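Below is one structure; the comments refer to it alone.
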Amino acid sequence: MSQVLVAPRVYSPIVFGAHQPDERPYRGGAGIAAFRGTEAPASEFTPEDFVASVTEVHAGGGIGLSRLDDGSLLRDAVIADPIGFLGEDHVRRFGARTMLLVKLLDTAERLFVHYHPDNAFAQTQLHTPLGKTEAWAIIGVADGVEGHAHLGFNREVSEAEAAHWAQAQDVESMLGAMNRIPLAVGDTLLVPAGLAHGISAGITLVELQQPSDLSILLEYEGFRGLGPADALLGLDLDTAIGGLDRRAWDTEQLAVLKSTRALAGGGSSLFPAVADEFFGAERFTVAGSRELEASFSILVIVDGTGSLESAAGSLELRRGMTVLVPHGLGPVTLTGQLEVIRALPPRA
1 MSQVLVAPRV YSPIVFGAHQ PDERPYRGGA GIAAFRGTEA PASEFTPEDF
51 VASVTEVHAG GGIGLSRLDD GSLLRDAVIA DPIGFLGEDH VRRFGARTML
101 LVKLLDTAER LFVHYHPDNA FAQTQLHTPL GKTEAWAIIG VADGVEGHAH
151 LGFNREVSEA EAAHWAQAQD VESMLGAMNR IPLAVGDTLL VPAGLAHGIS
201 AGITLVELQQ PSDLSILLEY EGFRGLGPAD ALLGLDLDTA IGGLDRRAWD
251 TEQLAVLKST RALAGGGSSL FPAVADEFFG AERFTVAGSR ELEASFSILV
301 IVDGTGSLES AAGSLELRRG MTVLVPHGLG PVTLTGQLEV IRALPPRA
């Protein structure tokens, strides 16, 4: 019997254009268009661009899931070929899950105060495996805007007080008890699960998250389509407040959340070491060429022009592009003059 030879699959980098569902309850999106170099969206309620996403929003309906050029879902492609996309070590530890959600986010109004449950709360109260720690890399601040975030509390808050704020929608008192963190282009901020937070208007950022869409809203009044029934993920108020980090966060603790780390090969890790169990992110400059080891990753081209060279050929790169690099593509080389954010899943 003659042997049938099967050619190995050739993987390619996958470019994803803007994917901004018109389903979100707050205004934004123009900053994403400016970054990508595309026309401004027709709707003012498109503040989130789901990049190479296998995560749908909590409401379901497939919203948030990215599609390939042939119309099929990236999620289905990863499930069908997890080792090719993610690598053997990753699949051995995490299964056919990317363990990563990347978004571009742009705020045209202050984002409501909310928090994301941690893994333990998500498993116990919501019967889903993953909570949502997230982190931000600021890539744009609108002219004339003093960009900032509200993050965590500046004093100990009781359960009764937090419940009152949410029930009465006493946003002024709640914001007064929160830390105000200035945000400028180039800043980063880790947002651990459990910490109440919001973002000022006029901010464009790259967001890394655990791949879930779980948000408990402490504020909802005045935002499109939101009411008490939308705020608590179906939980009662006391249970929902139980997942909130009500501790006081001091200046030193907050500084750690804004810290970065130098990498041995050049560039920097965007977030402190405590983020490593959730995701990885590095920012680096290419001036000539830089080789990247084989890994599932998502590249955000922050500035410049150049190319991605791989076994699949050459892909031109420019500011505003977002590119998924499958593990099966092998090592790749970036050339040109580029500023890049590389988002990675947690190490296996």
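Here full-length UniProt numbering is used: the first residue of the sequence shown is 1, the next is one more, and so on. The C-beta atom is built at its ideal place from N, Cα and C for all residues, glycine as well. It should be emphasised that the depicted structure is a prediction, and the values quoted were computed from it without experimental measurement.
Asked, Found
"CA-to-CA distance, residue 167 to residue 218, given in whole angstroms", "8 angstroms"
"Residue 351 vs residue 306 beta-carbon contact at 8 angstroms", "Because the chain spans 1 through 348 in this model, residue 351 falls outside it and cannot be assessed."
"Own chain partners of residue 221 with C-beta closer than 8 angstroms, once the 5 adjacent residues on each side are dropped", "169 and 171"
"Per DSSP, cross-strand counterpart(s) of residue 132", "BP columns for residue 132 are empty, so no partner."
"Helix, strand or coil at residue 334 according to DSSP, with G and I counted as helix", "strand"
"Of the residues 251, 52, 63 and 104, the one placed nearest residue 29, counting alpha carbons only", "104"
"Start and end residues, beta strand (DSSP E) containing residue 16", "14-16"
"Residues bridged to residue 303 (per DSSP)", "339"
"Short Cβ contact (8 angstroms threshold) for residue 125 with residue 38", "no"
"Three-way DSSP call (helix, strand, coil) for residue 38 in this model", "coil"
"Assumed close pair residue 323, residue 15 - CB separation to whole angstroms, cut-off 8 angstroms", "5 angstroms"
"Best match in 185, 188, 293 and 163 for proximity to residue 231 [C-alpha to C-alpha]", "163"
"Rounded separation between residue 47 and residue 57 - CA only", "14 angstroms"
"At least 3 beta-carbon pairs within less than 8 angstroms: the segment 52-70 vs the segment 104-113", "no"
"Inter-residue spacing [alpha-carbon to alpha-carbon] between residue 352 and residue 347", "A query on residue 352 cannot be resolved here, the shown segment of the chain reaching from 1 to 348 and no further."
"Expected contact under 8 angstroms - CB spacing of residue 24 and residue 108 to nearest Å", "Not a contact, Cβ separation roughly 11 angstroms."
"Buried or exposed (CB count within 10 angstroms, at least 16 for buried), residue 97", "buried"
"CB contact flag (residue 297, residue 325, <8 angstroms)", "yes"
"Under the three-state DSSP convention, the category residue 93 falls into", "helix"
"Every unbroken beta strand (DSSP E) inside the segment 153-203 [3 residues or more]", "178-182, 188-191 and 197-199"
"For residue 64 and residue 128, the rounded distance between their alpha carbons", "18 angstroms"
"The segment 133-140 / the segment 202-215 touching (three or more Cβ pairs under 8 angstroms)", "yes"
"Alpha-carbon spacing of residue 213 relative to residue 102, whole angstroms", "12 angstroms"
"Where residue 160 falls, given that 16 or more other Cβ within 10 Å makes a residue buried", "exposed"
"Assigned exposure category for residue 251 - 16 Cβ within 10 Å defines buried", "exposed"
"Beta-ladder partner(s) of residue 425, from DSSP", "With the chain covering only 1 through 348, there is no way to say anything about residue 425."
"Residues near residue 10 in its chain [Cβ-Cβ closer than 8 angstroms; skip 5 each side]", "311 and 312"
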